[in-house]
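Inspection log for the structure reproduced underneath, given as structure tokens.
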Amino acid sequence: MESRRNISEFIFLGLSYDQNIQIFCFIFFFFCYLALLVGNLLILVSIQCSPLCSQPMYYFLSHLSFIDICYTSSVTPKLIGDLLAERKTISYGNCMLQVLIMHFFGGTEIFILTAMAFDRYIAICKSLHYVMIMNRTRCNLLLLAAWAGGAVHALPQFFTAIRLPFCGPNELDHYFCDIFPLLKIACTDTYITGILVIAFAGMIALVTFAVLSVSYGIILFSLKNHSAEGRQKALSTCGSHITVVILFFVPVIFIYLRPPTTFPEDKIFALFYTIIAPMFNPLIYTLRNTEMKSTLKKLSIKCYFQRKRSSRYCCGSFDPWPGNFCMLELWANKMK
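Counting in UniProt numbering, the sequence shown runs from 1 upward without gaps.
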């Protein structure tokens, strides 16, 4: 396909033409993005600054939080800014870069979720060999494979996008640059290209979702041989993972595994895997996880102590309640 273009920018049609709806969406997505950043950064720092980092599940979770931040940041800040702009534009170069970054981090997230499912399978179904199998070397190899898988997923989408010829309308009925909206306005027959995108991107999502579903099905089936306490803990952990998988994969499969066309509803479904799922991941992984809640509590107490120490001797001042401070510090040390 010959690459030619007569346009230097694209115009997003956005989520709505109604000014009131746009203002509401601006406020809503601004706080969603803020919650996403705070939640994922909190998980990332809590795991990296605690012994949990030595456990494979939390090691993968810290990388998932980092990817969620990068993945959402490739789309959401632009969306929030455009909601208050009269003309929602993006340059051709930035549009192609957005396609590359979004698919790279999205693909990497898919494979990290697969690595997390593998970790849970080994922990529950092969528990006697867990430490030997899930050593740090193997965890690093799984992460390396996930990042490489993200690149393998993203590069075909990127090269497909930059080879598309654009010579007419430059309006994208979306709030970010993606392959199907670009195929819709390309000035050539893109049916075969769309089928290839489905065969590659759509099938990766479908096959991965099928593998994850089978894996968690095997895990849940094997729990009948565990004690009531072990079964409850495993159900809590796996329930969090399954919720995240469903929130992320169902909208992705709906959009990328169908005939190459676009619908107005695509923008709503895209919100789930670009903003909603990454925002809820910290809540899903912490609210039902005793270890994460304990680690967050220790981190907050540690930060409190550091502020307290600095305030006690700042400018020669002295803490008038040293007894309370010592009692809190002894309590925190006891929790370690």
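Even for Gly, the Cβ is constructed at its ideal location relative to N, Cα and C.
Problem set entry | Nonlocal neighbours in the same chain, by C-beta distance under 6 Å from Leu64, ignoring five residues either side | By one-based count along the sequence shown, residue 64 stands at place 64. Counting only Cβ-Cβ distances below 6 Å, and skipping sequence neighbours, we find Ile112.
For this session: Whole angstroms is fine: what's the gap from Thr114's alpha carbon to Ala205's?
Result: Working through the sequence shown from its first residue, we reach residue 114 at position 114. Working through the sequence shown from its first residue, we reach residue 205 at position 205. Between the alpha carbons of Thr114 and Ala205 lies a distance of about 11 Å.
For this session: Pull up the DSSP beta-bridge partners for Glu171, would you.
Result: Looking up residue 171 in the sequence shown gives position 171. Looking at the DSSP assignment, Glu171 forms a beta bridge with Ile11.
Exercise. What does Ile90 pair with, by DSSP beta-bridge criteria?
Worked result: Walking along the sequence shown from the start, residue 90 turns up at place 90. Answer is Phe10, bridged to Ile90.
For this session: Note down, in chain order, each residue of its chain lying with its Cβ closer than 7 Å to the Cβ of Ala161, except the 5 sequence neighbours on either side.
Result: As a first step, residue 161 is located in the sequence shown; it is residue number 161 there, counting from the start. So the qualifying residues of the chain are Met96, Val99, Ile179 and Leu182.
For this session: Less than 8 Å between the CB atoms is what I'm expecting for Tyr273 and Pro259, so what's the real figure, rounded?
Result: The residue given as residue 273 occupies position 273 in the sequence shown. The residue given as residue 259 occupies position 259 in the sequence shown. Incorrect: roughly 20 Å between the Cβ atoms, too far for contact.
For this session: Could you have a look at Asn135 and say whether DSSP puts it in helix, strand or coil?
Result: Locating residue 135 in the sequence shown gives position 135, where the first residue counts as 1. In the structure shown, Asn135 sits in coil (DSSP, three-state: anything other than H, G, I, E or B).
Exercise. Where do the ends of the alpha helix (DSSP H) carrying Asp18 lie?
Worked result: Taking the sequence shown and counting its residues from 1, one reaches residue 18 at position 18. Note, Asp18: premise wrong, no alpha helix (DSSP H); not H, not E.
Exercise. What number of angstroms, rounded off, separates the C-alpha of Met327 from the C-alpha of Lys298?
Worked result: Here residue 327 refers to the residue found at position 327 when the sequence shown is read from its first residue. Here residue 298 refers to the residue found at position 298 when the sequence shown is read from its first residue. Only weak support is given to the placement of Met327: the predicted model assigns it a pLDDT of 42, under 50, and the question is left unresolved by the model.
Problem set entry | N-terminal and C-terminal residue of the alpha helix (DSSP H) that Thr193 is part of | Translated into the one-based positions of the sequence shown, residue 193 becomes position 193. Per DSSP, Thr193 belongs to the alpha helix (DSSP H) from Tyr191 to Val197.
Exercise. Going by the CB atoms, is the gap between Cys125 and Ser222 shorter than 8 Å?
Worked result: For this step, residue 222 is matched to residue 222 along the sequence shown. For this step, residue 125 is matched to residue 125 along the sequence shown. Yes, they are a contact pair.
Problem set entry | Sufficient close CB pairs (3 or more, under 8 Å) joining the stretch 166-180 to the stretch 127-135 | By the Cβ criterion, the stretch 166-180 is not in contact with the stretch 127-135, since fewer than three pairs of Cβ atoms, one from each stretch, lie closer than 8 Å.
Problem set entry | Inter-stretch contact (C-beta, 8 Å, three-pair minimum) for the stretch 235-249 and the stretch 142-150 | The answer is no - the stretch 142-150 does not touch the stretch 235-249, with fewer than three Cβ pairs under 8 Å.
Exercise. For Cys315, does the three-state DSSP call read helix, strand or coil?
Worked result: Your numbering for residue 315 matches position 315 in the sequence shown. Model confidence at Cys315 stands at a pLDDT of 44, short of 50, so the residue's coordinates are unreliable; what they give is reported in the following sentence. Judged by DSSP in its simplified three-state form, Cys315 adopts helix.
Problem set entry | Cβ-based burial, Lys78 [other Cβ within 10 Å; buried from 16] | One-based indexing of the sequence shown puts residue 78 at position 78. Classified as buried, Lys78 has 16 or more neighbouring CB atoms from the shown chains inside 10 Å of its CB.
For this session: Give the single residue among Gly107, Pro264 and Tyr256 whose Cα lies nearest to the Cα of His153.
Result: Here the question's residue 153 lines up with position 153 in the sequence shown. Closest option to His153, judged by alpha-carbon separation, among Gly107, Pro264 and Tyr256: Gly107.
Exercise. Taking C-alpha atoms, which residue in Ile268, Phe209, Ala186 and Tyr285 lies nearest to Leu235?
Worked result: Along the sequence shown, one-based indexing puts residue 235 at 235. Nearest to Leu235 by alpha-carbon distance, out of Ile268, Phe209, Ala186 and Tyr285, is Tyr285.
Problem set entry | Candidates Ser215, Ile255 and Asp68: closest to Asn281 by CA position | What you label residue 281 is simply residue 281 of the sequence shown in a count that begins at 1. For the set Ser215, Ile255 and Asp68, the Cα lying nearest the Cα of Asn281 is the one of Asp68.
Exercise. When you compare only the Cα positions, how much space is there between Ala270 and Ile255?
Worked result: Translated into positions along the sequence shown, residue 270 becomes position 270. Translated into positions along the sequence shown, residue 255 becomes position 255. If you take the alpha carbons of Ala270 and Ile255, they lie about 8 Å apart.
Exercise. By DSSP, does Val245 sit in helix, in strand, or in coil?
Worked result: Here residue 245 refers to the residue found at position 245 when the sequence shown is read from its first residue. Helix at Val245.
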